[in-house]
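Here the structure comes first, spelled out in structure tokens, and everything after it is commentary.
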């Protein structure tokens, strides 16, 4: 019989998008300890559990599912707690861009120096997730000349 835990029940709607804070990281670390203890206990008792898998609709690169609604503008471009229960005991966080695409990042220190809360790292994430399309169709293909350009 499958066991339903609180970590598998995901709240939906824009209110479920919570900023990733040092407290969030501490909670993940606590869940990691609890999960390791649970796995050890199950191994000793020879209890086999079904393999956990990430949710397909919350994969990195996909858009935020409609069930979460429109994210408020203040959560765009900032680290958020991961919505996928599979990652509840893994050091990860997500960031949404303006197009509601999901980007997943490791919460371990980058280069062993930059925590997920470091200003430099947060700035790099903002640059990474934002796309800068050309304005009003100004993008040209190869070999296309600039309109009205005089050459000579």
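Numbering (UniProt numbering), first residue to last: 1 to 152.
The C-beta atom is built at its ideal place from N, Cα and C for all residues, glycine as well.
Run through DSSP, which three-state label would residue 52 get?
Walking along the chain shown from the start, residue 52 turns up at place 52. The three-state reading of DSSP puts residue 52 in coil, since its state is none of H, G, I, E or B.
6 Å Cβ shell around residue 65 - same chain, five flanking residues per side excluded
Looking up residue 65 in the chain shown gives position 65. Non-local beta-carbon contacts of residue 65 in its own chain, meaning distances under 6 Å to residues more than five positions away in sequence, involve 57 in chain order.
CB contact flag (residue 14, residue 79, <9 Å)
Mapped onto the chain shown, residue 14 falls at position 14. Mapped onto the chain shown, residue 79 falls at position 79. No, these two residues do not count as a Cβ contact at 9 Å.
For a quick check, are the C-beta atoms of residue 159 and residue 12 less than 9 Å apart?
Shown here, the chain extends from 1 to 152; a query on residue 159 therefore has no answer.
Enclosing alpha helix (DSSP H) for residue 119 [first to last residue]:
The residue you call residue 119 lines up with position 119 of the chain shown. In the DSSP assignment, residue 119 falls within the unbroken alpha helix (DSSP H) covering 119-129.
Answer yes or no: do residue 100 and residue 54 have a C-beta to C-beta separation smaller than 9 Å?
To locate residue 100, count along the chain shown from 1; it is residue 100. To locate residue 54, count along the chain shown from 1; it is residue 54. No.
Among residues of its own chain, excluding the 5 on either side of residue 63, which ones have a beta-carbon nearer than 6 Å to its beta-carbon?
Looking up residue 63 in the chain shown gives position 63. Answer for residue 63: 100, 101, listed in chain order.
Based on Cα-Cα distance, which residue from 59, 93, 16 lies nearest to residue 26?
Counting from one through the chain shown, the residue named residue 26 turns up at place 26. Nearest option by C-alpha distance: 93.
Looking only at DSSP bridge pairs, what is residue 19 linked to?
To locate residue 19, count along the chain shown from 1; it is residue 19. BP columns for residue 19 point to 80.
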